[in-house]
Each structure stands twice: as C-alpha cells, then as structure tokens.
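Data block below; observations after.
Protein chains: 2
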Amino acid sequence: MPALEQGTSRAASLESAASLETVFAPVRSLTAFEETVDRLGTAIRLGLLPPGTRLPAERELCAKLGIARSTLRQALIALGQSGHLRATRGRGGGTFVAEELPPAAPPPSDAVEAWRETCDQRMSVEVGIAALAAERASAEQTALLREVVDAIESMLEDFPAYRQADVRFHIGLAEATGTPRLVTAMTEVQGAMTGLIDLIAHPPEVLASANAQHRRILEALHVHDEVAAAKEMIEHVKATEHILAGLMPGEEA
Amino acid sequence: MPALEQGTSRAASLESAASLETVFAPVRSLTAFEETVDRLGTAIRLGLLPPGTRLPAERELCAKLGIARSTLRQALIALGQSGHLRATRGRGGGTFVAEELPPAAPPPSDAVEAWRETCDQRMSVEVGIAALAAERASAEQTALLREVVDAIESMLEDFPAYRQADVRFHIGLAEATGTPRLVTAMTEVQGAMTGLIDLIAHPPEVLASANAQHRRILEALHVHDEVAAAKEMIEHVKATEHILAGLMPGEEA
DNA sequence: CACTAAGGACCGACGGCTGAGCCTTTCGGT
DNA sequence: ACCGAAAGGCTCAGCCGTCGGTCCTTAGTG
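Same order as they appear, the protein sequences are chains G and B.
Counting in the working numbering, the first sequence runs from 75 upward without gaps.
Counting in the working numbering, the second sequence runs from 75 upward without gaps.
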C-alpha cells in the first residue's frame, strides 16, 4: 500500500520518493529553554565566551534573546549546575563563564552514529562560506585571520588551544561574509563537530597539515579567488572526514 | 557602558564583537503548527507535492511528523483555507494538493529587504552540496539529473514550469549526497529563494544561460570533479545574485 | 446493508512560557 | 553609617499551544 499517490503521472520521472521522506520527517522544535542552554553552552565550549567573561545582566539578556526572564534563568541555572557558569550577587555582580570549564561530555551515541551526516553538513556550510569570504574579506579581516593562523603555529602541541583558535578561524571566515545568519550556521556546525573531533587523537603533524590548509585558504582570500578558497576548503573538510573515517564505527545502518 | 566584559585581556585580538551579537540573538522557535504549515506549504509551492497528490491519512501523517492530530489538523485547515489543499471525506477520500494553486503571495517586505542574506545562505548551502554530489553521485542519479536538464530546455518560455524543474535539479543534487539533512536544507533555501525570484522578470535567454550552468555542473558530477562542481555552482548562484541586485532596493541599513 | 477508512469536531489535562512583583546581596557615594 | 542602585534569587497566577482521547459524519466496498 503506497503511502502517497500521485493524482496523475505527470512529471513522474522527475519525482523522487527520497525528497518526500524529508517533507514528512518529524518536526521537533526545541523549547526556548533548550535552545538557550544550547546556544550559550556551545558558545562557551567553543571559546566564543572565554572563561571569566561576564554575561549581560539577566534583565538585559532576556530582552536580547526575546524570552522571559524565568526561562532564561532556567537555562542559566542549568549551565551553572553543569559547571559552565558562576553567578555572584549584589552590585557589580553578574553571571560569569567559569574559569575552570567542566570536562567535555562525550556526545550521545546517536550523534556519533551520524558523524558522516555532521561532516556533510559541515561541507555544505563551509565551502560556500569560504567562497563568499574570498569575495568580500576586507584587508583588516584578512589580516586578523592571518594573525590567527600564525598563532596556531605555536599551538600544535596543545590541542585544546589549537581547537579554540581553529574555531576562531572558521567563524572568522563566516564573519567576513558580513552575514550574521552564516555566523550562526558556522557556530552550530562547529559545535556539532567539536564533540566528534574530541573523540580522536591529534598528533602535531596532523594539526600542522590542517593549518597549512588554513594558510592556503587565507591566501585565496587575500587575492579574492573564490574558487581557490572553495577548493582548499573542500580539501580541508575532506581531510577531517578521512581522519574520522578511520576511527569511527561502520557506516550508518 | 560595555554590554560584555572580558575577565582578562587574553586572546583579545582574536575576539570579535560581531560573533557575540549572534550568540545573543533572539531565540524564536516556531510552534509545531507553524512549522508544519511551513513545511507542507513550501513543498507544495516548490512542486515537491504536485497538484493532485494525495497526502498520507491524517492519523498516519501526524505520526510521521511526530505531532498530535489536532495540531496537524490546524495546519491542514490553514492550508485548506489558503487554497493549497482540498479534503474529501469518506472511504477513499483524503487530503489532496489543489489542482489550481493559489497565486504566490508576495513575500513580506522584511524578507525582501534581507534578500542578500538569503542569497548568501543559498551560496553557503549549494556550493558544498554540489561538491559532495560530485563526489558521490551514482550513474543513475546523474542520468536522472540529465533528464531534468534536458527537459528544462523546452521550458525556457514557461517560467513556472522552468522554476519547478529548476528546483528539482537543485534538490536532486542534495539527494545525490545521500544525506537527508542536506535535502532539508536545500528545500528551505529554495523555498526562501522562490519568493524573491518570482519578483523579477525572466527572459528566455537568462533561463537558457542558467540551464547551461546546470549542464556544466552536471558535467562535473559525471566526472566526479568536486572542485569544478563547486566552481560552476558559485557562478550559478552569483548569476542569480547579480540579476536580483539590479532590481532590488538598496543595500540593507 | 454492514463494514471500514477516511476527514471533522470537541474537550479535558498538561506543560512551557510569560509577565510581574518582591526579596536579598553587595557596592559606591554622600 | 546610611541610602540607593544594580545585580541575582524566588514565587506565582495565567495564558496558550499541544496532547491524546472520544465521538460523529461521510462515502466507498464487499
């Protein structure tokens, strides 16, 4: 019994059942509370909000986020209990990112199972962003990214520091496009990748090679060569994918 | 008075205020009802669900979508009132996509204002997908896409038909990656673009030129050349962007 | 004519989110 | 030493969307 019937056979050869599965896929939207925990937690874990950073006051932040203060507090309390935030009361107090972040929790097994999808999503986001960044990056932005790449050179032995600067580089590319939406997309994708990347070993040689790719991407930005930027980014993403492929469980069922 | 204070100045040169704005941007998640209307409405308008298509029975569909039947019905009723769906009762009845779709509603002015962001999002999604598709497309998938491109050749005078086949091509690329998430992303981005594309004129020469780009992308899939696919897709997206640029209001404030 | 598969309608319960008010702590200034 | 401002901490009533049942109506099929 077919789940769906075409009224006529028009354009039948152009239709595909695959895309219909996605049309009828579950719609599950996160609650405001969950989304807030997610956003702030990811920003902290990615180093976008470094330890010691003071968050805006609750009354101010809930306005920016467009949620009620009670809801925001639920999220802040959750992040406090998980060790990401500390709060101090009284005048001059506030909510601060913890100096000692909790160890990264291992990602849920279903997220690990879907690692290839996550890599695909990364490919889909990063390559286009690299092209746009190459088209638009200002001299200042390029210079800033060069500083990041240079700084990474001295972090090849310290993976957490490397990874944080790596995230800065990729988010910096998104910022160079001038489109906030893309910064958000990049942040999400980097957050999703972090859990996977943390699972595997990172010898300095691998990090050095990755940073060499960063440098080639940067070079493409410098001369505003979109195709070259895309090409190098494809290589960069595939490199990560290949490394993961060696250490992950078999393909998804 | 700074909204946010760094505890120390560590890594200050790597920090950027731009990305923080996105961290604290509003979190507004759609309700299940809204998201359902959106999903089904977009699928219908894009031609993914052609006129006359019978949707799965309500009791079945709400299970697939992971929502209650009452919620689904709200969405179906809304789409019925807007003329996208018709329902017939009794055994053998069901909910069908209307044979005569309502005229496309003009997009809200704020969506038009943000047209450049939408194009950027498209670039970000499409280029990576083109690269992945080039890596993975099977011979069957390539052949299917070729049929679409060939069929488009005879639609250069009929814009609605052209646009529908165009959407099939781009979604077909996403399907060729084998990652459902990317099909969803592509569907969303095509839905967002449709409103903009409808605003402007489309002489056959422009459509022919666009389809020539389709053909070059296809050629890259055929020989599994990811970089070429990305390159041609960049051109393709930029072409649309340039056409829009001529007819849109000035840059965003 | 009975059965069945479909849409159509209703309602009570629940949970998340809102908005507002009030308390407590701490610092700066007078 | 006091007061006021600025912050987090707490509570509660109410709204709205969602759930998940139950029952009705319609219309083909055997």
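Yeah, the Cβ is synthetic: ideal placement off N, Cα and C, and Gly gets one too.
Keep in mind the model is a prediction, meaning the values are calculated, not measured.
Contact fails between the region 99-108 of chain B and the region 242-259 of chain B, because fewer than three Cβ pairs, one in each stretch, are under 8 Å apart.
Counting along the chain, B:ALA282 sits inside the alpha helix (DSSP H) bounded by residues 278-296.
Between B:LEU219 and B:LEU292, the CB-CB gap stays under 8 Å. For secondary structure counted as the alpha helix (DSSP H) over 4 or more consecutive residues, the region 114-198 of chain B holds these complete runs in sequence order: 132-139, 143-155, 183-187. With fewer than three CB-CB distances shorter than 8 Å, the region 204-221 of chain G does not count as touching the region 208-215 of chain B. Contact between G:LEU175 and G:HIS158 holds: their C-beta atoms lie close to 7 Å from each other, under 8 Å. Distance from the CA atom of B:ILE226 to the CA atom of B:SER144, rounded to whole angstroms, is 41 Å. In the DSSP annotation of this structure, the continuous segment of the alpha helix (DSSP H) that includes G:THR314 starts and ends at 300-321. When CB distances to chain B are screened at a threshold of 8 Å, not a single residue of the region 142-167 of chain G falls below it. Between B:ILE118 and B:VAL171, the C-beta spacing is below 8 Å. Between B:PRO100 and G:LEU153 the beta-carbon gap is near 19 Å, outside 8 Å, which marks them as no contact.
Listed in chain order, the alpha helix (DSSP H) runs fully inside the region 208-275 of chain G are 213-226, 233-250, 254-271, counting runs of at least 4 residues. Straight-line measurement puts the Cα of G:ALA250 at about 7 Å from the Cα of G:GLN215. If you draw a straight line from the Cα of B:ASP272 to the Cα of G:LYS312, it is about 37 Å long. Using beta-carbon distances, B:LEU230 does not count as an interface residue toward chain G, since no partner is under 8 Å. In the same chain as G:ARG163, and ignoring 5 residues on each side of it, no C-beta atom comes closer than 8 Å to its own. Shown in chain order are the members of the region 198-226 of chain B whose Cβ falls below 9 Å from a Cβ of chain G: SER198, VAL199, GLU200, VAL201, GLY202, ILE203, ALA204, ALA205, LEU206, GLU209, LEU218, GLU221, VAL222, ALA225.
Listed in chain order, the non-local C-beta contacts of B:ARG242 below 7 Å within the same chain comprise VAL222, local neighbours out to five positions each way being set aside.
Sequence-distant Cβ neighbours of B:GLU309 in its own chain, meaning closer than 7 Å and more than five residues away, are GLN287. Against chain B, the beta carbon of G:VAL297 has no neighbour under 7 Å; the closest one sits roughly 15 Å away. In terms of Cβ geometry, B:LEU270 and B:LEU318 form a close pair [threshold 8 Å]. B:MET267 is not a Cβ neighbour of G:GLY202, given a cutoff of 8 Å.
Assigned with DSSP and collapsed to three states, B:ALA92 falls in helix. Contact with chain B is absent for G:SER283, since none of that chain's Cβ atoms lies less than 8 Å from the residue's Cβ.
For B:ILE291, the closest Cβ of chain G is not nearer than 8 Å. In chain G, no part has a C-beta under 9 Å from the C-beta of B:PHE233; the shortest such distance is about 16 Å.
Any Cβ of chain B closer than 8 Å to the Cβ of G:LEU273 would place that residue at the interface, and such an atom is absent. Secondary structure of G:ALA99 (DSSP, three-state): coil. B:MET307 is not a Cβ neighbour of B:TRP189, given a cutoff of 8 Å. The beta-carbon of B:ALA185 is placed no less than 8 Å from the nearest beta-carbon of chain G. Of all residues in the region 311-324 of chain B, the ones placed with a Cβ closer than 9 Å to any Cβ belonging to chain G are VAL311, LYS312, in chain order. Here B:GLU300 is buried. Its C-beta has 16 or more other C-beta atoms within 10 Å.
Put simply, the CB of G:GLU249 is near chain B, with a gap under 8 Å to one of its CB atoms.
B:GLU191 belongs to the set of residues whose beta carbon lies under 8 Å from a beta carbon in chain G. In this structure, G:ASN285 is the residue among G:VAL199, G:GLU191, G:ASN285 with its C-alpha nearest to the C-alpha of G:ARG237.
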